Structures are given as structure tokens and as C-alpha cells.
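Colleague:
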Amino acid sequence: MNENTKIKTVKMILGIGPKVDWKTKINKQLVAGILELKTTDEVERFLRDLLTPAEIKEFASRLEAARLLSRDVQYNTISESTGLSSATIARIAKWLNGSLGGYRLILARLSSAHHHNSSQFRKGLSLN
289 MNENTKIKTV KMILGIGPKV DWKTKINKQL VAGILELKTT DEVERFLRDL
339 LTPAEIKEFA SRLEAARLLS RDVQYNTISE STGLSSATIA RIAKWLNGSL
389 GGYRLILARL SSAHHHNSSQ FRKGLSLN
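Numbering of the sequence shown is given in the numbering used here, commencing with residue 289 and proceeding in unit increments.
1. For Leu323, which three-state DSSP category applies?
2. Between the Cα of Leu384 and the Cα atoms of Ala353, Asp329, Ile344, which residue gives the shortest distance?
3. Would you call Ile314 buried or exposed, if buried means 16 or more other Cβ atoms sit within 10 Å of its Cβ?
4. Taking the alpha helix (DSSP H) that Leu328 belongs to, which residues open and close that run?
5. Touching or not, the segment 365 to 379 and the segment 343 to 357, by the rule of three or more beta carbon pairs under 8 Å?
6. In its own chain, which residues sit with a C-beta less than 7 Å from the C-beta of Thr370, not counting the 5 before and 5 after it?
7. What is the rounded straight-line gap between the Cα of Ser399 and the Cα of Leu393?
8. Mind checking which residues open and close the alpha helix (DSSP H) that includes Lys345?
Set out below in C-alpha cells:
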């Protein structure tokens, strides 16, 4: 990687947002705790204890905005359906298209799970 590429990469990462130090004891504990969750019920209970109802709604709206952005839905439509500001939607778009890939990863997995569940459901149907 040449120096010019390094500078562009650093600028892009800084543009995405401040770096989170995942090596701190409390951040490692949070990640480890999330990885221990096994069922939908466990995740719902943990998130409800961890977050306020407004934070849950905000995070769910951000994920929905990312899903809609990945389908090229216009900002104003996303804002109307989620209640998010255009600034928040722009930030989500930057992260969605950024190098870290968190939104892309979860959207791909949700899409895969949805297709998997749909195909399982169809296997039991009969057209006769």
C-alpha cells in the first residue's frame, strides 16, 4: 500500500466516525455478552435491560434505514417511514457503503435467513 492510499484510507475511516476501542475490558465484556445470547427471547430480554425503549426504536429504525438504502429508496421516503433525520440517514448511508461492512453483513445474513425460512415453509406446501 503506497503512502497516498494509506492517507485516503485513514481519511475514509475518520469520515465514517470515531474509532471504538474494542480492546477495553468493558467493551470486550459487552461483545462477549452479546455472543452468549442464544435465542430471540434472550436477545429481547438483554436489549430491553440494556437499552431504553427509545434507543431500541432508534436502533431498529437505523437498521431499517440501512435496508431501505440498500434498495435505493430515497432519503425523504426513508425519513417519513422511520422518523430519522436526513443527517442520520446520510450517516447510515456512509457506514453502509464504508469499509467496515457491519450493516452489509447483517443485511446479508437477514436476507439469507429470510430466504432460508421461506424455502423451508414452501417445502411443506402442496399445489394439488
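Just so it is clear, CB atoms sit at the ideal spot from N, CA and C, and this is done for glycine as well.
Keep in mind the model is a prediction, meaning the values are calculated, not measured.
Modeller: If we stick to the structure as given:
1. Looking up residue 323 in the sequence shown gives position 35. Here Leu323 carries a helix assignment [DSSP, helix/strand/coil].
2. Taking the sequence shown and counting its residues from 1, the one referred to as residue 384 is at position 96. If we check each option's Cα against that of Leu384, Ala353 comes out closest.
3. For this step, residue 314 is matched to residue 26 along the sequence shown. That one is exposed.
4. Here residue 328 refers to the residue found at position 40 when the sequence shown is read from its first residue. Sequence check: residue 328 is Thr here, not Leu. From DSSP, the alpha helix (DSSP H) with Thr328 extends over 328 to 338.
5. yes
6. As a position in the sequence shown, residue 370 is number 82, starting the count at 1. Cβ within range, chain order: Ser349, Glu352, Ala353.
7. Mapped onto the sequence shown, residue 399 falls at position 111. Mapped onto the sequence shown, residue 393 falls at position 105. Ser399 and Leu393: Cα-Cα distance of roughly 10 Å.
8. Here the question's residue 345 lines up with position 57 in the sequence shown. Looking at the DSSP string, the run of the alpha helix (DSSP H) that includes Lys345 is 341 to 358.
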